[in-house]
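Heads up: the structure comes next, in structure tokens.
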Amino acid sequence: MNRALPAVRLRVPTDEDAFAWHRVFDDPDVMEFHGGRSAELSVYEELTARQRRHDAEYGFCLWTMLDESDQVIGFTGAQPWPQDWGPKGEIEIGWRLGRAYWGQGYATAAAGLTLDRVRSAGVSSVVAMVVSRNERSIAVTRRLGMRLTDVFTTPTLEQEGHCYRLDL
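In the numbering used here, the protein residues as written are -17 to 150.
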């Protein structure tokens, strides 16, 4: 059964979004595949500032995700792969949602908007790097039509990871 995806809006992150991201992601379930613990506010302040630079330079970034009532529920978007290992030089798409918004289609809806935006910016393919135990994110990659192309061990967390690809 296919259900309608929720309405979602994306915006370039503001200074205030650092506080919202910090609040929404301050949950061990949300951070399970991102080191397992909440990040300091300064991490989100730097991340939102970097995303504003990415938007200005590339025409895309990790956007703040807003629900139907304009509440910040997470982020989604694309950025150049930031690590010195893995798919260097490629564009990674990703998403992170507050726990209260899981299972409602927000990540799939927002990732679809991301694909439209990066395609419009001239990107020809994207990757999604997902910890192999993250079944929810793997399900999103499948809904987007991505294919598993590589299995690896993450050097920082020493977990099995998957690289999914999609030609635009």
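All C-beta atoms in this analysis are idealised placements derived from N, C-alpha and C, irrespective of residue type, glycine included.
> In terms of DSSP beta bridges, what is V112 paired with?
Replying inline: H144
>> Once the 5 residues before and after L95 are set aside, which same chain residues still bring their CB inside 8 angstroms of it?
In response: Only V(-10), L(-8), T58 meet the Cβ criterion.
>> Tell me the residue span of the alpha helix (DSSP H) that contains R(-15).
In response: Premise fails: R(-15) is in no alpha helix (DSSP H) and is neither H nor E.
>> Please report the straight-line C-alpha distance between G85 and E142, rounded to a whole angstrom.
In response: 24 angstroms
> Roughly how many angstroms lie between the CA atoms of L178 and D52, to the nearest whole one?
Replying inline: The question about residue 178 has no answer here: the residues shown for the chain are numbered -17 through 150.
> Roughly how many whole angstroms lie between the Cα atoms of G18 and A38?
Replying inline: 31 angstroms
>> Starting from D165, trace the beta strand (DSSP E) in both directions and tell me its first and last residue.
In response: No answer is possible for residue 165: the residues shown for the chain start at -17 and end at 150.
>> Under DSSP, the beta strand (DSSP E) around W45 begins and ends at which residues?
In response: 44 to 48
> Roughly how many angstroms separate the alpha carbons of M165 and G76, rounded to a whole number?
Replying inline: As displayed, the chain neither begins before -17 nor continues past 150, which places residue 165 out of reach and without an answer.
> Considering only residues of the same chain and omitting the five flanking positions on each side of M(-17), which have a CB-CB separation below 8 angstroms?
Replying inline: Unreliable positioning characterises M(-17) in this predicted model, as indicated by a pLDDT of 46, which lies under 50. The coordinate reading is nonetheless provided below. Closer than 8 angstroms at Cβ, skipping near neighbours: no residue.
> Secondary structure at T138, three-state DSSP: helix, strand or coil?
Replying inline: coil
>> Considering only DSSP beta bridges, list what Q65 is partnered with.
In response: Q65 pairs with nothing; no bridge assigned.
> With burial defined as no fewer than 16 other Cβ atoms inside 10 Å of the residue's Cβ, what is the status of S24: buried or exposed?
Replying inline: exposed
> For E74, is the classification buried or exposed, using 16 other Cβ atoms within 10 angstroms of its Cβ as the cut-off for buried?
Replying inline: By the 10 Å Cβ count, E74 comes out buried.
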